[in-house]
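Visitor: Sharing a structure with you now.
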Amino acid sequence: ALAGWRVSDRFAIEASWIHLSHATIFSRQNRGMDSVGLRLVYRVP
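Position 12 of the sequence shown, counted from 1, bears residue number 201 in the numbering used here, the numbering being contiguous throughout.
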């Protein structure tokens, strides 16, 4: 999932969440892996 907000013509803020999993295909246990991120974007003129 990704959400973003354009603050101005040059700046934006983005937040993301990613979950990776093998859905118990290879074993009965599957805790998976979560990744959360925050990004500040600056557009060069």
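We put the beta carbon where it would ideally sit given N, CA and C, even for glycine.
Comparing alpha-carbon positions, which option in F215, M222, Q218 and D198 lies nearest I207?
Guide: The residue with the shortest Cα to Cα distance from I207 is M222.
Visitor: Tell me the rounded alpha-carbon separation between A201 and V225.
Guide: Their Cα atoms are separated by approximately 17 Å.
Visitor: Taking 8 Å as the threshold (C-beta atoms), are S210 and A190 in contact?
Guide: In this structure, S210 does not lie closer than 8 Å to A190 by Cβ.
Visitor: Please state whether DSSP places S216 in a helix, a strand or coil.
Guide: If DSSP states are grouped into helix, strand and coil, S216 belongs with coil.
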